Every structure is written in structure tokens, then in C-alpha cells.
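Numbering (the working numbering), first residue to last: 7 to 268. Below you'll find the structure, written out as C-alpha cells, and then a few comments.
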Amino acid sequence: MSHAKNSSPVAQVGSSTPIENEPFEVKLAARVLRLPPYMFGRINNLLYQKRRAGSDVIDLGMGNPSDPPQDLVIEKLNEAARDPRNHGYSKSNGILNLRREVASKYFRKYGVRLDPDNEVIVCLGSKEGFSHMCLALMGPGDTAVIPAPYFPVHMYGVALASGNAIALEVADSEKFLSNIAYTCQHLYPKPKLLIINYPHNPSTVTIEPEFYVEVVKLAKRYGFMVISDFAYADVAFDGYQPPSFLAAPGAIDVGVEFTTMS
């Protein structure tokens, strides 16, 4: 049998001797290891342990409704489930009529004109959209300013995007604005993102429309983007009407706003 000379070397796969009984380890990404324990998971575990022990616990944690939906809501859900047009995949940016309704609501309630084709998108959930927005805007070394105290996703979304978070106290809105400016003036590189949440959870702090005017001015002056978490747009009392960030002049140039139906 003839043999070819000067042939290229061939790598041998599996030639190394495996280490016997070496434990298999799943190594998580660094961005996951940076996440703090999920607060609601800890609370739910405490509730479970207390109830198993026979305690009668009143749960004031997550905002789960205690009353059932109206019959009309259930009927409409059943009607939609039986419609063959809904049996396939939806468009990636959401059902057109739903986006039109969102745009219509923003105009009726806040005087904000939105293009349902280019300025409204439907997410799988507000937290999902929030996290993906952070992934799209941030990376290693980027910094976001978040409210303190903060709803968990405000911190987790930034951490999952490998960013850093600076939490600023929101109790005094004027001080919050001045602290944003101070942070932008003294931090290098400057913050890339500001996350705001009004009405604020968990402190219940509220603001007036003029607050957002100042936020837009700061965003344009220091070059950061804004995410407005407007989850509690319809949770207000004593005649107070929460303003939309997008109603501030120039807001749509520097930021986005998340609302939710949950």
C-alpha cells in the first residue's frame, strides 16, 4: 500500500485522557451572577412556609387581583380563542388594531400623537420589553440611573445587559433632578440611560407634567436616553391624573414609555 508523503497533520479528537469522576458544573454568565436574589421570589417562599405552618397570611406583595374579571372579559377571550384568524403567529410588533387603540388612547388621554406603525409596539409583557430595551441600549461599562427605591426589573434589566446602575432617591422630585445633573457632570463616562417610574412603586411618589419637561432638557443636555415605566398610569386617587412622559415637548426624541394591561 502506498502512502502519501508530506500530508497535512490531522487533529485527533478525544485523544486526551478524561479525568475520572470530575463533577460536571454549569457555569453561568457573569451578568447572571451579578443579579441579586429576586425579591418577589423570596417573599413568595416566606408566604409558602408560613401557610404550610398554618398561619393566616394577608398577601400585600404582588398586585394580583382578588376579584374575578367581568363576564364580558371572559366572553371576549373565548370569542377570540375560537376565531381562526388568531390561531397563527401574530406580527412581531403586535396586532395592528391593538396598536391603533394604544395610539388612540394616548391621544384621547394625554394629547400625544403616535404613529401606530412606527411608534407603538406590543411586547410579551412590560418587563420583557423593558429588559430587551436595556439589552438594546446598554453594554459592559455603560451606566443607568434608576430610582431609589426601585422595582426589581429596573435593576435586573440593567444587570442582564451587563450595565451598572446608580440609584438616586426619588422622594423629592427637585432633588432627584439635581442629582441626575450632578451625576452626569461628575461621572465618566456619563450615564447612558435614565429610568423613571411615576406613579412610583413602591413609594407612591407622583409628579406634575413640568417634571418631565425638565427630564427632557437634561436628556438633551447630557446625551442620555430615557425609559419611562408608566405601569401605574391608571392607579391614581383624589382627582390626580398621572401625566405621560411622552406629552413633554421633545420627549419622543429621547425616550420611550412602557405601559401595561396587567
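All residues carry an ideal CB built from backbone N, CA and C; glycine is no exception. It should be emphasised that the depicted structure is a prediction, and the values quoted were computed from it without experimental measurement.
- Message: Nearest by alpha-carbon distance to Ala150: which of Gly135, Lys133, Glu134, Ser168 is it?
- Response: To locate residue 150, count along the sequence shown from 1; it is residue 144. Looking at the Cα atoms, Ser168 is the closest of the given residues.
- Cutoff 7 Å; reference Met68; Cβ partners in own chain excluding five residues on either side: In the sequence shown, counting from the first residue as 1, residue 68 sits at position 62. Excluding residues within five positions, the ones whose Cβ falls inside 7 Å are Phe46.
- Which stretch, first to last residue, makes up the beta strand (DSSP E) that contains Ala154? By one-based count along the sequence shown, residue 154 stands at place 148. First-last of the beta strand (DSSP E) with Ala154: 149-154.
- Go through its chain and collect everything with a Cβ distance to His206's Cβ below 7 Å, but skip five positions before and after it. Counting from 1 along the sequence shown, the entry for residue 206 is found at position 200. Result list for His206: Pro153, Val176, in chain order.
- Query: Three or more beta-carbon pairs under 8 Å between the segment 97-107 and the segment 126-141, yes or no?
  - Reply: Yes, since at least three Cβ pairs between the segment 97-107 and the segment 126-141 fall closer than 8 Å, the two stretches touch.
- Do Glu263 and Phe236 have their C-beta atoms closer together than 7 Å? On the sequence shown, residue 263 is found 257 positions in, with the first residue counted as 1. On the sequence shown, residue 236 is found 230 positions in, with the first residue counted as 1. Yes, the Cβ-Cβ distance between Glu263 and Phe236 is below 7 Å.
- Message: So for Gly346, helix, strand or coil by DSSP?
- Response: Shown here, the chain extends from 7 to 268; a query on residue 346 therefore has no answer.
- Task: Return helix, strand or coil for Ser250, following the three-state DSSP convention.
- Result: Locating residue 250 in the sequence shown gives position 244, where the first residue counts as 1. In this structure, Ser250 counts as coil in the three-state DSSP scheme.
- Message: Classify His93: buried if its beta carbon has 16 or more other beta carbons within 10 angstroms, exposed otherwise.
- Response: Taking the first residue of the sequence shown as position 1, residue 93 is located at position 87. By the 10 Å Cβ count, His93 comes out exposed.
- Contact belief for Ile233 with Phe136 at Cβ below 8 Å, rounded distance in angstroms: Looking up residue 233 in the sequence shown gives position 227. Looking up residue 136 in the sequence shown gives position 130. Taking 8 Å as the upper bound for CB-CB distance, Ile233 and Phe136 are in contact here, some 7 Å apart.
- Message: Mapping the DSSP letters down to three states, classify Val232 as helix, strand or coil.
- Response: The residue labelled residue 232 in the question sits at position 226 within the sequence shown. Looking at Val232 - three-state DSSP - the assignment turns out to be strand.
- Between Val63 and the rest of its own chain, which residues show a CB-CB distance below 8 Å, the 5 nearest in sequence each way excluded? As a position in the sequence shown, residue 63 is number 57, starting the count at 1. The residues are Leu53, Lys56, Arg57.
- Check whether the Cβ atoms of Lys133 and Val159 sit closer than 7 Å, and answer yes or no. Position 127 of the sequence shown, counting from 1, holds the residue named residue 133. Position 153 of the sequence shown, counting from 1, holds the residue named residue 159. Against a cut-off of 7 Å, the Cβ pair of Val159 and Lys133 comes out as a contact.
- Could you name the residues that DSSP lists as bridge partners for Leu174? Within the sequence shown, the letter at position 168 stands for residue 174. Its beta-bridge partners are Pro153.
- Message: Less than 7 Å between the beta carbons of Pro195 and Pro249, yes or no?
- Response: Reading the sequence shown from its first residue, position 189 is the one you call residue 195. Reading the sequence shown from its first residue, position 243 is the one you call residue 249. Going by beta carbons, Pro195 and Pro249 fall outside the 7 Å limit.
- Task: Answer yes or no: do Phe182 and Tyr218 have a C-beta to C-beta separation smaller than 7 Å?
- Result: Within the sequence shown, the letter at position 176 stands for residue 182. Within the sequence shown, the letter at position 212 stands for residue 218. No, the Cβ-Cβ distance between Phe182 and Tyr218 is not below 7 Å.
- With DSSP run on the structure shown, which of helix, strand or coil describes Ile202? For the purposes of this step, residue 202 is identified with residue 196 of the sequence shown, where counting begins at 1. It is a strand residue.
- Classify Cys140 as helix, strand or coil using the three-state DSSP reduction. Within the sequence shown, residue 140 is the residue found at index 134, counting from 1. Reduced to three states, the DSSP call for Cys140 is helix.
- Message: Can you find the residues in the same chain that come closer than 8 Å, C-beta to C-beta, to Ala10, ignoring five residues on each side of it along the sequence?
- Response: Within the sequence shown, numbered from 1, the residue matching residue 10 stands at position 4. In this predicted model, Ala10 has a pLDDT of only 49, less than 50, meaning its place in the structure is not dependable enough to derive any value.
- Item | Collapsed DSSP secondary structure at Ser179 in the structure displayed | As a first step, residue 179 is located in the sequence shown; it is residue number 173 there, counting from the start. Ser179: helix per DSSP, three-state reduction.
- Message: Taking the straight line between their C-alpha atoms, what separation do you get for Asp73 and His192?
- Response: Position 67 of the sequence shown holds residue 73. Position 186 of the sequence shown holds residue 192. Approximately 49 Å, taken between the alpha carbons.
- Does the Cβ-Cβ distance between Ala165 and Leu39 come in under 7 Å? Along the sequence shown, read from residue 1 onward, the residue named residue 165 stands at position 159. Along the sequence shown, read from residue 1 onward, the residue named residue 39 stands at position 33. Cβ atoms of Ala165 and Leu39: not closer than 7 Å.
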